[in-house]
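Trainee: Using our numbering, you'd call the opening residue of the sequence shown number 3 and step up by one each time.
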Amino acid sequence: MQFGRCCAMRHFRAPALDSAIIAGIRPLRTSRAGPATAPAVGEPAFRIPSAPIRPANRNESPPAMIPGLDHIGIVGADLEAMEAAYARLGFTVAPRCELVALAEDGSATPLGQVNSHLVFGRTYVELTAVEGDLETHHLRDAIARYYGFHIVVLTADDADAARSRLTESGIDAPPTALAGREVRYPGGRGMAGFRWFRVPDADLPEAFVCYVEQLTPDLVFDASLNDHPNGARELQDILICADDPAAAAARFARASGAAVSGAPDGPGVDLAVGRARFLDTEALQRVFPGVMPPALPWAAGFTASCPDFVATQRFFRDSDLPWHGGADRLWLAPDHACGAIVAFAPPE
Numbered sequence: 003m004q005f006g007r008c009c010a011m012r013h014f015r016a017p018a019l020d021s022a023i024i025a026g027i028r029p030l031r032t033s034r035a036g037p038a039t040a041p042a043v044g045e046p047a048f049r050i051p052s053a054p055i056r057p058a059n060r061n062e063s064p065p066a067m068i069p070g071l072d073h074i075g076i077v078g079a080d081l082e083a084m085e086a087a088y089a090r091l092g093f094t095v096a097p098r099c100e101l102v103a104l105a106e107d108g109s110a111t112p113l114g115q116v117n118s119h120l121v122f123g124r125t126y127v128e129l130t131a132v133e134g135d136l137e138t139h140h141l142r143d144a145i146a147r148y149y150g151f152h153i154v155v156l157t158a159d160d161a162d163a164a165r166s167r168l169t170e171s172g173i174d175a176p177p178t179a180l181a182g183r184e185v186r187y188p189g190g191r192g193m194a195g196f197r198w199f200r201v202p203d204a205d206l207p208e209a210f211v212c213y214v215e216q217l218t219p220d221l222v223f224d225a226s227l228n229d230h231p232n233g234a235r236e237l238q239d240i241l242i243c244a245d246d247p248a249a250a251a252a253r254f255a256r257a258s259g260a261a262v263s264g265a266p267d268g269p270g271v272d273l274a275v276g277r278a279r280f281l282d283t284e285a286l287q288r289v290f291p292g293v294m295p296p297a298l299p300w301a302a303g304f305t306a307s308c309p310d311f312v313a314t315q316r317f318f319r320d321s322d323l324p325w326h327g328g329a330d331r332l333w334l335a336p337d338h339a340c341g342a343i344v345a346f347a348p349p350e
């Protein structure tokens, strides 16, 4: 399979969306999602909460120094095509929303980026397309390399504190920024705000890695969007292909504060939620025959945890999707998932 030719999003043409699959809500046909409700005259678009509101469907736990996976992002040229592709894979796709920068007074400025989400209990997958000026966008360099999986977001109970920890370790992270998106989910509507900062590319070139402090996780992790026909319930791991997996894993461990562990196919870094796996091209070929990276390093894909894996197997057997795998894992090649390997497995 010639991955670089086959899965460029510019050449992907999707059939019409089935609105019954997309969260039971007819997807927006405009290029941008408008706000659910306009604030009253003189009112800010977003009020920064004094502390994040914890959602009922997330387990309460004390703050941890080691972060977990918050979400990952697949970047493409055509969001509607991406939504259709992931709906065909059996994911419930949440209504789309527009990313905005938020000032401390709550006023919002569009960032020229529109997203849809595959929401799980504690994590999610973001499908995103840049519609603004690419030359000034923070994803410009990533998109110049390839369309596909680029964004890896780690959790932060306090983004400023997380940045301070990285600075103390010698990683010169930029200041935190405030951003958000107006969500219109079945379980709630409003501005989902977050503080974030990026781990510099010089310290972690394998992906666009950042930390996010979710200010309104009750809006983000909407339990009504957790039911996916393919049985996926959580992000289990991410896959990174690199020339030197050991060095890449060491960089990721330094940025996350977690430890590197060994595995037959390459090193890994265990996070509070999820795991990062690092493979070279030879190991990638053993695990995912026929898949070739478009460039190195390459954020290759992810595994979704499926508690009822028998039901997941049944879903794919009954579909016309070109899946691979067997008793303990199923996967689809990048040209069927917008440039990312998408795997399904029982919980570890």
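Cβ atoms here follow ideal geometry from the backbone N, Cα and C, with glycine treated the same way.
Thinking C-alpha only, which one of Q115, D107, L286 is nearest D80?
Mentor: Out of Q115, D107, L286, Q115 has the C-alpha closest to the C-alpha of D80.
Trainee: For a quick check, are the C-beta atoms of P299 and I242 less than 8 Å apart?
Mentor: In this structure, I242 lies closer than 8 Å to P299 by Cβ.
Trainee: Within a Cβ cutoff of 6 Å, which residues of the same chain sit near I23, ignoring the five residues on either side of it in sequence?
Mentor: Confidence at I23 is low in this model, with a pLDDT of 35, below 50, so the placement of that residue should be treated as unreliable; the coordinate-derived value is given next. Closer than 6 Å at the Cβ level, and outside the excluded window around I23, lie A89.
Trainee: So what's I148 in DSSP terms, helix, strand or just coil?
Mentor: Strictly speaking, residue 148 in this sequence is Tyr, with Ile absent from that position. DSSP places Y148 in coil when its eight states are reduced to three.
Trainee: Could you tell me if D224 is buried or exposed, where buried requires 16 or more neighbouring beta carbons within 10 angstroms of its beta carbon?
Mentor: D224 should be labelled buried.
Trainee: Can you list, in chain order, the residues of its chain whose CB lies under 6 Å from that of I1, leaving out five sequence neighbours each side?
Mentor: Any question about residue 1 goes unanswered here, given that the chain covers just 3 to 350.
Trainee: Measure the C-alpha to C-alpha separation of W198 and Y126 and round it to an integer number of angstroms.
Mentor: Going from the Cα of W198 to the Cα of Y126 covers about 16 Å.
Trainee: Assign T305 to buried or exposed, taking buried as 16 or more other Cβ atoms, counted over all protein chains shown, within 10 Å of its Cβ.
Mentor: When all chains shown are included, T305 counts as buried.
Trainee: Determine, using beta carbons only, whether G303 and Y148 come nearer to each other than 8 Å.
Mentor: No. Outside cutoff.
Trainee: Any contact between the region 266-273 and the region 225-235? By contact I mean 3 or more CB pairs, one from each, below 8 Å.
Mentor: No contact exists between the region 266-273 and the region 225-235.
Trainee: Going by CA-CA distance only, name the one from E128, G328, P269, F311 that's closest to V154.
Mentor: Of the candidates E128, G328, P269, F311, the one whose C-alpha sits nearest the C-alpha of V154 is E128.
Trainee: Could you check which residue in V121, L101, E236, P202 has the C-alpha nearest to that of A347?
Mentor: A347 has its Cα closest to that of E236, out of V121, L101, E236, P202.
Trainee: Please classify M294: does DSSP put it in a helix, a strand, or coil?
Mentor: Of the three classes helix, strand and coil, the one that applies to M294 here is coil, per DSSP.
Trainee: Thinking C-beta only, is A244 closer than 8 Å to E284?
Mentor: No, these two residues do not count as a Cβ contact at 8 Å.
Trainee: Closest to H338 by C-alpha separation, out of G78, V211, Q216, would be which residue?
Mentor: Here the closest residue by C-alpha is G78.
Trainee: Would the region 93-106 and the region 182-192 be scored as touching if the rule is three or more Cβ pairs under 8 Å?
Mentor: Yes: the two stretches touch, three or more of their Cβ pairs being nearer than 8 Å.
Trainee: Rounded to whole angstroms, what is the Cα-Cα separation between G327 and A250?
Mentor: The alpha-carbon atoms of G327 and A250 are separated by roughly 27 Å.
Trainee: Return the first residue and the last residue of the alpha helix (DSSP H) that T314 is part of.
Mentor: It spans 311-319 - the alpha helix (DSSP H) in which T314 sits, taken as one unbroken run.
Trainee: Distance, Cα to Cα, L332 vs F318?
Mentor: About 9 Å.
Trainee: Could you give the distance in angstroms between the alpha-carbon of V293 and the alpha-carbon of I343?
Mentor: Cα to Cα, the separation comes out at about 9 Å.
Trainee: According to DSSP, simplified to helix, strand and coil, what is S118?
Mentor: Three-state DSSP puts S118 in a strand.
Trainee: What's the call for V211, buried or exposed, on a 16-neighbour Cβ count within 10 Å?
Mentor: By the neighbour-count rule (16 or more Cβ atoms within 10 Å), V211 is buried.
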